[in-house]
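Down below is the structure, laid out as structure tokens.
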Amino acid sequence: MTRLSSPGGRVWIIARFVLLEAFRSGLPWLALACIAASFGFAAFLAHIALTETRELQAAVAAAMLRISAAFLIATHVVTSVAREANDRGLEFALTLPISRSVYYVGKLAGFACAAALLAISFAAPLLLWAEPAPLGVWVLSLAAETALVAAMGLFFSMALAEAVPAIAVTAGLYLLGRSVGAIQAIAAGPLAQEQESALRGIVDALALLLPRLDQATRTEWLVYGLPPASDALGALAGLAIYFVLLVGAGLFDFSRRNL
Amino acid sequence: MNSGTGSLSPVPPRVGILLAASLAAQLTWQAWREAPASQAADLPPAPPAALLRAASLDEPEAAARLAMVYLQAYDLRGDNAVPYQHLDYGRLIAWLRAIVATDPRSGYALFSAARVYTENPDAAKCRAMLEFLYEEFARDPERRWPWLAHAALVAKHRLKDLPLALRYARAIDRQAHDPRAPLWAKQMEIFILEDLNELEAAGILLGALIASGRVRDPSELRFLRSRIRSIDRRLEERR
């Protein structure tokens, strides 16, 4: 009862149930399958690489595991919210003495914990090919990135109320965040014509609204060693700011909705 | 994962037979199909580095290395009737250039260029690859001198083009200041000059190298002094 009396305690209880659900779902098995697939592919590449075998294995396995982590956590969050909506679990939860904000933050905390555990488990096979210190920074960044994806998934699944559009929008935002740096480089490159400066402006404006995922969880950290502290901290700060923005947007949308 | 699996007894026999028959048909069909015929496939045009980067969701380290594995497949793949010797080297170099631009710190593309693609018996293709190495060396001499050193050896021993080898050796000596670079790479210019019978220049460079104090190993110093004596003898004989 004492736990239920404080908002923090209620958040913790909801988060625990979310984590329990994650453990009992197919998520751990899918994570294991991703680890096995990336390990198998890296082992295959070792046989055909002419040089830089360790770097090739680390780069490819890290890239595979990173996108897998984002995909798994996004689909898990969206399907979990959709299932709860179909079972009328949300309405039931809100009949209990908890506010909407506590409920939302509790769900997000649980999903973020699941994301962090997923990131840690995905870092384990990379110990074979990467130094522990850069891998530590990489896993910290991956945990923050997957927590951000969980926040995206929660926001869109609550706002759109249907699983497929929520997954599509979450994936779109994630992929844009990953490739916005490269898109900006193309727009500013010599291939772009002078008269396309308006297009460049649109791309730059779009970049302002996106999370800079291209600067986080860099494979180069694993291949070429620790990044400058300012780079890693800058990337993490960018993720944190966007995470707070998504939480704010999610709370705003959830608070004003008629259930 | 609780998928609610139970016993097989509720499955109608017809469904079981359909499943077994379709599985057998699939296995038979695949086993009877002929192996894919050899393809005389040449490389497609190289993508721009920026596109390679964007397509990989900004994972340049993985993209560059996987692109190298893709290039390798044109030679190592069993079903390709066009080994690298017959590839369009213009396209191959464009691919290598895009890969180096995608991850400039990786040595994979330059290693392959120096050790694999210069092994082409076609001298024109070999020269094109050497020029690619020379061009890329100039962009990052401290990291890329080993590949140009190999290019100098290929120019000297395979192409027997001593002026070309001298150009590469001079570039290493002038532009690469990496303290880890072994002296043999720096001394290459001297020995090529000797081979070109430019004995005065070789002797002056050797003397300067010893006087610079960069050579500290006693055996190496002894060897270099013996080379100076040998050059002096050859000069005496010439006079």
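So the sequence lines, in the order shown, correspond to chains A and D.
Under my numbering, residues -14 to 244 are what the first sequence spells out, in order.
Under my numbering, residues -4 to 234 are what the second sequence spells out, in order.
Think of the CB as a built atom: it goes at the ideal place given N, C-alpha and C, for glycine as much as any other residue.
So S10 (chain A) and H61 (chain A) are in contact, right, with Cβ under 8 Å, and what is the actual spacing, rounded? Working through the first sequence from its first residue, we reach residue 10 (chain A) at position 25. Working through the first sequence from its first residue, we reach residue 61 (chain A) at position 76. So it is a contact: roughly 7 Å between Cβ atoms.
Cβ-based neighbour list, L66 (chain D), same chain, cut-off 7 Å, excluding 5 preceding and 5 following: Here the question's residue 66 (chain D) lines up with position 71 in the second sequence. These residues qualify, in order along the chain: W90.
Expressed to the nearest angstrom, what Euclidean distance is found between the alpha-carbon atoms of E56 (chain D) and A44 (chain A)? Residue numbering aside, residue 56 (chain D) sits at position 61 when the second sequence is read from its first letter. Residue numbering aside, residue 44 (chain A) sits at position 59 when the first sequence is read from its first letter. Those two C-alpha atoms are separated by around 6 Å.
Please confirm if V124 (chain A) has its CB atom under 8 Å from at least one CB of chain D. Numbered from its first residue, the first sequence carries residue 124 (chain A) at position 139. For V124 (chain A), the answer is no, since every Cβ of chain D falls outside 8 Å of its Cβ.
Beta-carbon spacing of L82 (chain D), L38 (chain D) below 8 Å: What you label residue 82 (chain D) is simply residue 87 of the second sequence in a count that begins at 1. What you label residue 38 (chain D) is simply residue 43 of the second sequence in a count that begins at 1. Yes, Cβ-Cβ distance for L82 (chain D) and L38 (chain D) is below 8 Å.
Who are the near neighbours of Y163 (chain D) in its chain, counting only those whose CB is closer than 7 Å to its CB and skipping five residues on each side? As a first step, residue 163 (chain D) is located in the second sequence; it is residue number 168 there, counting from the start. Counting only Cβ-Cβ distances below 7 Å, and skipping sequence neighbours, we find Y129, L143, A146, A147, A150.
Tell me the DSSP secondary structure of P40 (chain D) in three-state form. Here the question's residue 40 (chain D) lines up with position 45 in the second sequence. Coil at P40 (chain D), not helix or strand.
Among D:L159, D:P213, D:R169, D:I185, which has the Cα closest to the Cα of C121 (chain D)? Locating residue 121 (chain D) in the second sequence gives position 126, counting from the first residue. The shortest Cα separation from C121 (chain D) among D:L159, D:P213, D:R169, D:I185 belongs to D:L159.
S215 (chain A) versus L120 (chain A) - alpha carbon distance: In the first sequence, counting from the first residue as 1, residue 215 (chain A) sits at position 230. In the first sequence, counting from the first residue as 1, residue 120 (chain A) sits at position 135. Their backbone Cα atoms lie some 17 Å apart in a straight line.
Are the CB atoms of L219 (chain D) and L204 (chain D) nearer to each other than 8 Å? Residue numbering aside, residue 219 (chain D) sits at position 224 when the second sequence is read from its first letter. Residue numbering aside, residue 204 (chain D) sits at position 209 when the second sequence is read from its first letter. Closer than 8 Å, so yes.
Does the CB of A44 (chain A) have a neighbour CB from chain E at under 8 Å? Among the protein chains in the structure shown, which are A and D, there is no chain E.
Within the 8 Å Cβ cut-off, does A78 (chain A) reach chain D? Your numbering for residue 78 (chain A) matches position 93 in the first sequence. No, A78 (chain A) lies away from the interface with chain D (no Cβ there is under 8 Å from its Cβ).
E193 (chain D) by DSSP, collapsed to three states: which one? The residue given as residue 193 (chain D) occupies position 198 in the second sequence. Coil, per DSSP.
Relative to the C-alpha of L195 (chain A), which candidate in A:V208, A:L160, A:E205 has its C-alpha closest? Indexing the first sequence from 1 puts residue 195 (chain A) at position 210. Cα-wise, what sits closest to L195 (chain A) is A:L160.
Assuming L91 (chain D) is part of the alpha helix (DSSP H), what are its boundary residues? Translated into positions along the second sequence, residue 91 (chain D) becomes position 96. Its alpha helix (DSSP H) spans residues 84 to 97.
How is D238 (chain A) classed by DSSP in three states: helix, strand or coil? As a position in the first sequence, residue 238 (chain A) is number 253, starting the count at 1. The answer is helix: DSSP assigns D238 (chain A) an H, G or I state.
Mapping DSSP to helix, strand and coil, what is W114 (chain A)? Taking the first residue of the first sequence as position 1, residue 114 (chain A) is located at position 129. Looking at W114 (chain A) - three-state DSSP - the assignment turns out to be coil, as it is neither helix nor strand.
Inter-residue CB distance, F140 (chain A) and L224 (chain A) (contact presumed, cutoff 8 Å): By one-based count along the first sequence, residue 140 (chain A) stands at place 155. By one-based count along the first sequence, residue 224 (chain A) stands at place 239. So it is not a contact: roughly 15 Å between Cβ atoms.
If you count every other CB in all the chains shown that lies within 10 Å of the CB of G73 (chain D), and 16 or more means buried, which is it? Looking up residue 73 (chain D) in the second sequence gives position 78. Confidence at G73 (chain D) is low in this model, with a pLDDT of 49, below 50, so its placement is unreliable and the value that follows should be read with caution. G73 (chain D) comes out exposed.
Contact with chain A by G11 (chain D), beta-carbon distance below 8 Å: For this step, residue 11 (chain D) is matched to residue 16 along the second sequence. By this cut-off, G11 (chain D) is not an interface position.
Only counting the same chain, and skipping five residues up and downstream in sequence, which positions put a Cβ closer than 7 Å to that of L4 (chain A)? Locating residue 4 (chain A) in the first sequence gives position 19, counting from the first residue. Here the set comprises G95, C98, A99.
Segments of 4+ residues assigned as alpha helix (DSSP H) that fall wholly inside the segment 141 to 207 of chain A: 148 to 173, 182 to 194
Using a C-beta cutoff of 8 Å, does T155 (chain A) count as contacting chain D? One-based indexing of the first sequence puts residue 155 (chain A) at position 170. Chain D, which has no Cβ nearer than 8 Å to the Cβ of T155 (chain A), makes this no.
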